[in-house]
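Colleague: Quick one: the structure is below, and I'll ask about it shortly.
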Amino acid sequence: MDYYKKRTLNFANSYIAEGYTVAGPKENDGRYKGFFDFALEDDMFAQNTFERAERKMFEHAIEGAIGKANLEESDIEAIVAGDLLNQIVSASFAAKKHHAGFLGIYNACATFAESLIVGSAMLSNGLEHVLCAAGSHFATAERQYRFPLELGVLRSPVTQWTATGVGATVLSNKGDGKSVRITRGTLGRVVDFGVMDANNMGAAMAPSACDTLVTFFRDTETQPSDFDVIYTGDLGKLGSDILMDLTAQEGYDVSKQLHDCGASLYWDEQQTYQGGSGAACSALVFNAVLLGRLRRGEYKRILLAGTGALMSPTTYFQGDSIPAITHLVEVCA
Amino acid sequence: MEANKEITRANYKQYVFEKMPKSSHWKNMLWAFVVGGTICAIGQAFIFLYSLWFNMQDASVLASATLVFIAAMLTGFGVYDVIGRFAGAGSTIPITGFSNAVVSPALEFRAEGYIYGVGAKMFLVAGPVIVNGVTISVIVALLTLLFGG
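Protein chains in written order, with this note's numbering: chain V, 594 to 926; chain Y, 1061 to 1209.
Below, the structure is given as structure tokens:
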């Protein structure tokens, strides 16, 4: 790592009141079948366009999270949310049903971790309940970033599959001894190692994941072994392998703790190659899987590192390389 | 890359290239040959069929049109992309691939209406092929005119 500056925040009062997930049909056929609060029967969600379906997933997840936390809509002071579509329309349009303040955020697939950092910082500054959400939809992302759905093309073995789903988390400034809480967050910086292949996003994002993880370990004087698990967002299998090599080079062996939300989302037979990608990966796996394990005491202390590739089709076609960012939160039971 | 060599920003692309899983070219070529050949064989069968009623030139035009129609149907039913996933060039290069390249964006952008959606985006994928095809044929025609017989 050629550059180091402390950039970890401490959060004294960020408690996770509840998490809620809406997952697509393919995701609910995957490794976490049955973990999700709500699963779509088909990815249109009874709407006439995929974009409206994505928006409805957001509405459903936000309302679901508030209800599951036994709160009223009026209890939420702020919604911090984002998605992958241009002008983050899914999150913004979903928020118009609510009276809470709305911060639309975008850091590609690192958006969920980013929302947890922003939300926790808001709680430190006097708010009582903040709702954080992020999500993506396979069909809307494909058409924005790649090809039409029905176009018959050969997929490269390094590609990933954009996950369909939305995860929403209600953060509260009050909790008891049993509450799961967000204790620290490390802000990612934009790292670009010159990867040009938009199919190979794991390779583009791994150096940024290494940068943020190593910064966190140095800032907090911790070691990978201090954590039960370290979940990255959507590096995929190849990206995770690269990350292990990169962190080992910095003197941190994460091979025992490292998992990837995207890579763990599907079975191999589902032919997603490197696994899932998209803002939904970390939002789904954190709320549907990791939160439960923390509450049951299976994990005491974990890291969630959301990884995002910050390119757009325009920058890609203009021949620019792919910059990436990784935001990290430490979550303790 | 040799083991234990430090990964840096400068050699990162090389490191990734060596680490990434590669497409199996032999497998891809075999599938492309089988599927592409099958499509062409079906086309030939249609030519034989139509030549029962029409002359050879009309029969081959009709056979092409039939293949385009079938590929458009398969695209609509969501089958063509499944074939394309393993057939690759085998299903892209024949005329059926062209049909798929026009119908798939037309379907996809139907949500934005017939003018800004279907009309504007229909040639999103096939457009460059048409433009380059026309440009190159003009160049070749000019060269033929200047130097050819």
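Note that CB positions come from ideal geometry on N, CA and C, so glycine has one too.
Note that this is a predicted model, so its numbers are computed, not measured.
So what's Asn793 (chain V) in DSSP terms, helix, strand or just coil?
Modeller: Here Asn793 (chain V) sits in coil by DSSP.
Colleague: Taking all protein chains shown into account, do 16 or more other C-beta atoms lie within 10 angstroms of the C-beta of Ser667 (chain V), making it buried, or fewer, making it exposed?
Modeller: The residue in question, Ser667 (chain V), is exposed, as its Cβ has fewer than 16 Cβ neighbours within 10 Å.
Colleague: For Gly745 (chain V), decide whether its Cβ has a neighbour in chain Y, counting only Cβ atoms nearer than 7 Å.
Modeller: Gly745 (chain V) counts as touching chain Y.
Colleague: Have a look at Ser713 (chain V) and Leu724 (chain V) and give me their C-alpha separation to the nearest angstrom.
Modeller: Approximately 10 Å between the Cα atoms of the pair.
Colleague: Hey, does Pro906 (chain V) have any beta-carbon neighbour from chain Y nearer than 7 Å?
Modeller: Not closer than 7 Å to any Cβ of chain Y, the Cβ of Pro906 (chain V) fails to qualify, so no.
Colleague: Look up Trp1091 (chain Y) in the DSSP assignment and say whether it is helix, strand or coil.
Modeller: Helix at Trp1091 (chain Y).
Colleague: For chain V, is any of its Cβ atoms less than 7 Å away from the one on Ile1199 (chain Y)?
Modeller: No, Ile1199 (chain Y) does not count as interfacial toward chain V.
Colleague: In this structure, how does DSSP classify Ala1225 (chain Y) when only helix, strand and coil are distinguished?
Modeller: There is simply no residue 1225 (chain Y) to check, as chain Y begins at 1061 and stops at 1209 in what is shown.
Colleague: Look at the Cβ atom of Pro906 (chain V), then the Cβ atom of Pro1165 (chain Y), and state whether they are nearer than 7 Å.
Modeller: Contact flag unset, no.
Colleague: Buried or exposed: which applies to Arg648 (chain V), given that a residue is buried once 16 or more other Cβ atoms fall within 10 Å of its Cβ?
Modeller: Buried: at least 16 other Cβ atoms inside 10 Å.
Colleague: For Pro750 (chain V), would you say it is in contact with chain Y, using Cβ-to-Cβ distances shorter than 7 Å as the test?
Modeller: True, the Cβ-Cβ gap to chain Y drops below 7 Å.
Colleague: Would you mind listing the beta strand (DSSP E) stretches within the stretch 663-733 of chain V that are 3+ residues and don't spill past its ends, in chain order?
Modeller: The stretch 663-733 of chain V contains these whole beta strand (DSSP E) runs: 671-675, 694-697 and 722-729.
Colleague: Quick one: is Leu764 (chain V) buried, meaning 16 or more other Cβ sit within 10 Å of its Cβ, or exposed?
Modeller: Buried: at least 16 other Cβ atoms inside 10 Å.
Colleague: Provide the residue span of the alpha helix (DSSP H) that contains Glu1168 (chain Y), from first to last.
Modeller: Taken as a continuous stretch (DSSP letters only), the alpha helix (DSSP H) holding Glu1168 (chain Y) covers Ile1155 to Glu1168.
Colleague: Round the Cβ separation of Gly697 (chain V) and Ala671 (chain V) to the nearest angstrom and send it over; I've been treating them as touching at under 8 Å.
Modeller: That belief does not hold up - the Cβ atoms of Gly697 (chain V) and Ala671 (chain V) are roughly 12 Å apart, past 8 Å.
Colleague: Give me the residue from Y:Ser1084, Y:Ile1190 and Y:Phe1114 with the minimum Cα distance to Ser1159 (chain Y).
Modeller: Measuring from the Cα of Ser1159 (chain Y), the nearest candidate turns out to be Y:Ile1190.
Colleague: Interface residues of chain V around Ser1151 (chain Y) at Cβ under 7 Å?
Modeller: Gly745, listed in chain order.
Colleague: My output table needs one value for Gly660 (chain V): the three-state DSSP class, helix, strand or coil.
Modeller: Helix, per DSSP.
Colleague: For Ala616 (chain V), which residues does DSSP report across the bridge?
Modeller: BP columns for Ala616 (chain V) point to V:Ala632 and V:Gly758.
Colleague: Are Gly1097 (chain Y) and Ala1123 (chain Y) closer than 7 Å when you measure CB to CB?
Modeller: The answer is no: Cβ separation not under 7 Å.
Colleague: Less than 8 Å between C-beta atoms, sequence neighbours within five positions excluded: which residues of the same chain meet that for Gly627 (chain V)?
Modeller: Contacts found: Asn621.
Colleague: Counting only beta-carbon atoms, is Tyr1140 (chain Y) nearer than 7 Å to chain B?
Modeller: Absent from the structure: chain B. Protein chains present are V and Y.
Colleague: Glu814 (chain V): which of V:Leu836, V:Gly844, V:Pro800 and V:Ala797 sits nearest, CA to CA?
Modeller: Considering only alpha carbons, the answer is V:Gly844.
Colleague: Hey, out of V:Ala646, V:Glu862, V:Asn718 and V:Asp630, whose CA is closest to Met961 (chain V)'s CA?
Modeller: Outside the displayed span of chain V (594 to 926) sits residue 961 (chain V), for which this structure offers no information.
Colleague: Which residue from V:Ala902, V:Leu747 and V:Thr762 puts its Cα closest to that of Trp1091 (chain Y)?
Modeller: If we check each option's Cα against that of Trp1091 (chain Y), V:Leu747 comes out closest.
Colleague: Does any residue of chain Y have a CB that is nearer than 7 Å to the CB of Leu903 (chain V)?
Modeller: Answer no: the Cβ-Cβ gap between Leu903 (chain V) and chain Y never drops below 7 Å.
Colleague: Less than 7 Å between CB atoms is the rule here; does Thr1098 (chain Y) satisfy it with respect to chain V?
Modeller: Cβ-Cβ to chain V under 7 Å: no for Thr1098 (chain Y).
Colleague: Tell me which same chain residues have a C-beta within less than 6 Å of the C-beta of Leu677 (chain V), skipping the five on either side of it?
Modeller: Hits under 6 Å: Ser729, Ala734 and Ala872.
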